[in-house]
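**Student:** The structure follows.
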Amino acid sequence: MNELLRAAFKVDNSPQPTNEPQDPSLSEADFEDEYSYDMHEELNFDCEEDDEFPSTNTNEEEAKYKRLREASDEGLYEGCTTFSKLSFLLHLFHLKCMFHWSAASFNKLLELLLGTFPNIKEFPSSYYEGMKIMNDLGLGYEKIHACPNDCMLYWGEFAEKTECHICQTSRWKNVKEKEGDVREKDKEACKKGVAAKVMRHSADGEAWKLFDKRYEEFAKYSRGVRLGLASDGFNPYRLMNTSYSTWRVIPIPYNLPPWLCMKSTSFILSLLIPGKQGPAEKNFKMRAALHSTINDFPAYAMLSGWSTRGYKACPSCADSTYAYSFGGKVVYPGCRKWLPIDHPYRSQANLFDGTEEHGLAPVRVSGSEVLKQQERVKYVFGKSKVVPKKRGRLEDDELDDDDNDEDESNPVLWKKKSKIFELEYWEHNPLRHNLDVMHIEKNVCDNFLGTLLDMSKSRDDKNARLALKKLNMKPHLWPQSHPSRVNDYLPPAAYTMSKEEKERFLKVLQNLKVPDGYGSNLQRCVNLKQRKLINLKSHDNHMLMQDILPVALRALNATKVIDVLDELSYFFKKICSTSIERSELDTIQSNLVLTLCKMEKEFLPTFFTIMVHLLIHLVDEVKLGGPVHYRWMYPIERSIS
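If you're matching positions, the sequence shown starts at -3 in this note's numbering and goes up one per residue.
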């Protein structure tokens, strides 16, 4: 075997070179000699010319020797005297070790060599095939432990030592400090049911714990699976310009650890409901517990049965939703209800909508109350018939007694009874449907950008200013007419930007450099000619809202608007973090209420769409369901895109 290795590397019995620094003027031949010697030292064989194949080897070892002998005697290609197939392969592997090539780069190199020199035949085409030949050489290695502080090697007379004799550092690692390990006191806390101070998983939410208390047998069953039901592809109001939609239903097992739970490989694509007319009424059975559903807001309406449009669009406030018509649009201000009862903002009528606020925050509707309300719903499957606007006396007299007996003082606000209530535990689930933070954040960011840059999604227009005058709100923003002007003059608000400020802001976004993988190229979204942003994706809004907008708008003179953006950016960062201190949630909620009240003072009521109103309920859902990244649409949309 040693003879083969000497032949492969052209090693002779000449004196060994000294370990002196290499002269940069060395020729290629000199480098080849030193290179061959390095390999010779690493292989650690004796330079004896009379090595013969041992007679005690088995037939398998003899076959390996013959294969290696043939590879050593055969040239790399016909007429080649410089390299044999074995020597060339050994040189390649030596280079791989010296320069830390990966297996993938080694495969690409072999692919390039064999493609460039087709006269090389029967040569390994991959790292795996080359390793088969290398294994035949029997070049093994021995692991030698070292002190973490590089003081000594556990070798020779120190092979059995358990600590360093110089710095007394233990030879062994402390496995309890390894990532993912659970400390003993944490295990005891879990057994006793002590609430975690930091929320890292949906299991830390109150909804999970309430389910465990009510259904103890299921909680003790180690194979009991909690599922989050995600769906996408709804097009209920034909909002998307497409004639075909596919409703994807994806159960997500929440029993996995945080680093596996929301990966697309853990999702279960259990159902596809295709159709040109959109999704139909379908149901299916699972032998597991449904934790909650994850949908955008239109799909929220279809699964829950609550109408997410109109004056009672908030599913959390339900019939206590505060809304009114303003400039032809339904607006949802009224965040002062969540303030302490003695807060001065409650009595400042002129700075808000002209009224004092004495009401209290609405109480979240329980599942039992929802079920009672849905029992009164008379839902008929199929397309509804068009009812004439005017009906005669005869038709009114022929109405059913049930319709005549309906309590007009307590109208039914549900469109249908949710099929999920057929699950016996669904009535007692405090968090049945999640509000999607991804779309809420996107819509809030669009409101800010559209209003600041005066784009098509602006919440400040002539109709809104006229509505201010009609309701006697914010007189300093009323439209002003002048004989010399064709159109009414709209006084600038605190958030109004000049052309120069818009261009300066957009140039900041256009020249922005972000780390690789942080976000998309915002330069493609900037239109300096029209001074607007186009084609922003959800992650672009996420990046702008949390990191970029508060800094990029520093050129704006309105410090109050910048302060509001800073506070709102901080709010989104906190609730979107992977771990949340349970003790901080009440403080985050109170700060958010103050921020929304400041927005009411500076912005018009048209700014407060239903998505802005839903911000007030996000902290409560974090308390019930745990961190946001288990309950938003980002991983679902990425997995199906």
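Glycine included, every Cβ here is placed at the ideal spot set by N, Cα and C.
Helix, strand or coil, according to DSSP, for residue 384 in the structure here?
**Tutor:** For residue 384, the predicted model reports a pLDDT of 47, less than 50, meaning its position is unreliable and no value from the coordinates is stated.
**Student:** Taking 7 Å as the threshold (C-beta atoms), are residue 289 and residue 225 in contact?
**Tutor:** Result yes, Cβ atoms of residue 225 and residue 289 sit closer than 7 Å.
**Student:** Which ranges does the alpha helix (DSSP H) cover as unbroken runs of at least 4 residues, wholly within the stretch 287 to 328, from first to last along the chain?
**Tutor:** 293 to 300
**Student:** Using the three-state DSSP reduction, which class does residue 166 fall into: helix, strand or coil?
**Tutor:** strand
**Student:** Assuming residue 549 contacts residue 524 (C-beta within less than 8 Å), just tell me the rounded distance between them.
**Tutor:** Here residue 549 is actually not in contact with residue 524; their C-beta atoms are around 17 Å apart, not less than 8 Å.
**Student:** Starting from residue 635, trace the beta strand (DSSP E) both ways and give me its first and last residue.
**Tutor:** Note, residue 635: premise wrong, no beta strand (DSSP E); alpha helix (DSSP H) at 630 to 636.
**Student:** For residue 226, write down the residues that DSSP places opposite it in a beta bridge.
**Tutor:** Note: residue 226 sits in a beta bridge opposite 246 and 290.
**Student:** Quick check: the Cα distance between residue 618 and residue 571, rounded to an integer number of angstroms?
**Tutor:** 8 Å
**Student:** Just list the residues that DSSP pairs residue 429 with in beta bridges.
**Tutor:** In the DSSP output, where bridge partners are listed per residue, residue 429 has 289.
**Student:** Quick check: the Cα distance between residue 338 and residue 495, rounded to an integer number of angstroms?
**Tutor:** 42 Å
**Student:** Return the CA-CA distance between residue 78 and residue 60, expressed in angstroms with no decimal places.
**Tutor:** For residue 78 and residue 60, the distance between alpha carbons rounds to 24 Å.
**Student:** So, at 6 Å on beta carbons, what are the nonlocal neighbours of residue 433 in its own chain, with the 5 sequence-adjacent residues on each side left out?
**Tutor:** 624 and 628
**Student:** Can you tell me whether residue 409 is helix, strand or coil according to DSSP?
**Tutor:** coil
**Student:** What is the C-beta distance between residue 437 and residue 599, in whole angstroms, given that I count them as a contact (C-beta under 8 Å)?
**Tutor:** Residue 437 to residue 599, Cβ: 17 Å. No contact.
**Student:** Identify which residue in 320, 312 and 515 has its Cα closest to the Cα of residue 431.
**Tutor:** 312
**Student:** For residue 114, which option in 72, 555 and 150 has the closest C-alpha, if you only look at C-alpha atoms?
**Tutor:** Residue 72 is the option with its Cα nearest to residue 114.
**Student:** Curious, which full-length alpha helix (DSSP H) runs of at least 4 residues does the stretch 427 to 504 contain?
**Tutor:** Complete alpha helix (DSSP H) runs here, min 4: 433 to 448 and 458 to 466.
**Student:** Taking C-alpha atoms, which residue in 410, 220, 198 and 253 lies nearest to residue 310?
**Tutor:** The residue with the shortest Cα to Cα distance from residue 310 is 410.
**Student:** Rounded to whole angstroms, how far is the Cβ of residue 83 from the Cβ of residue 69, which I believe are closer than 8 Å?
**Tutor:** Their Cβ separation, rounded to whole angstroms, is 11 Å, which puts residue 83 and residue 69 out of contact at 8 Å.
**Student:** What is the DSSP secondary structure of residue 75, reduced to helix, strand or coil?
**Tutor:** coil
**Student:** If you draw a straight line from the C-alpha of residue 351 to the C-alpha of residue 322, how long is it?
**Tutor:** 15 Å
**Student:** Among 328, 285 and 136, which has the Cα closest to the Cα of residue 220?
**Tutor:** The option with the nearest alpha carbon to residue 220 is 285.
**Student:** Would you mind sorting residue 94 into buried or exposed? The rule is 16 or more other CB atoms within 10 Å of its CB.
**Tutor:** Residue environment: residue 94 is assigned as exposed (fewer than 16 neighbouring CB atoms within 10 Å of its CB, all protein chains considered).
**Student:** Which value, in whole angstroms, describes the spacing of the CA atoms of residue 529 and residue 605?
**Tutor:** Rounded to the nearest angstrom, the two C-alpha atoms are 21 Å apart.
**Student:** Here's the rule: buried if 16 or more other CB atoms are within 10 angstroms of the residue's CB, otherwise exposed. What is residue 317?
**Tutor:** buried
**Student:** Residue 148 by DSSP, collapsed to three states: which one?
**Tutor:** coil
**Student:** Cβ atoms of residue 561 and residue 540: under 7 Å apart, would you say?
**Tutor:** no
**Student:** Starting from the C-beta of residue 472, find all residues in its chain whose C-beta is less than 7 Å away, skip the five residues before and the five after it, and write them out in chain order.
**Tutor:** So the qualifying residues of the chain are 487.
**Student:** How would you label residue 362, buried or exposed, when you count the other beta carbons within 10 angstroms and need 16 or more for buried?
**Tutor:** Residue burial annotation: residue 362 is exposed, with fewer than 16 other C-beta atoms found within 10 angstroms of its C-beta.
**Student:** Counting C-beta neighbours from all protein chains within 10 Å, is the total for residue 54 16 or more, i.e. buried, or is it exposed?
**Tutor:** Residue 54 is exposed by the Cβ-count criterion.
**Student:** Per DSSP, which one or two residues make a beta bridge with residue 522?
**Tutor:** Its beta-bridge partners are 529.
**Student:** Can you tell me whether DSSP reads residue 608 as helix, strand or coil?
**Tutor:** Collapsing the DSSP output to three states places residue 608 in a helix.
**Student:** Mind the definition here: the stretch 582 to 602 touches the stretch 453 to 460 only if three or more C-beta pairs lie below 8 Å; say whether that holds.
**Tutor:** yes
**Student:** So residue 204 is in the alpha helix (DSSP H); what residue range does that whole segment cover?
**Tutor:** 202 to 210
**Student:** Going by beta-carbon coordinates alone, are residue 200 and residue 622 separated by less than 7 Å?
**Tutor:** yes
**Student:** In its own chain, which residues sit with a C-beta less than 7 Å from the C-beta of residue 538, not counting the 5 before and 5 after it?
**Tutor:** Listed in chain order, the non-local C-beta contacts of residue 538 below 7 Å within the same chain comprise 437, local neighbours out to five positions each way being set aside.
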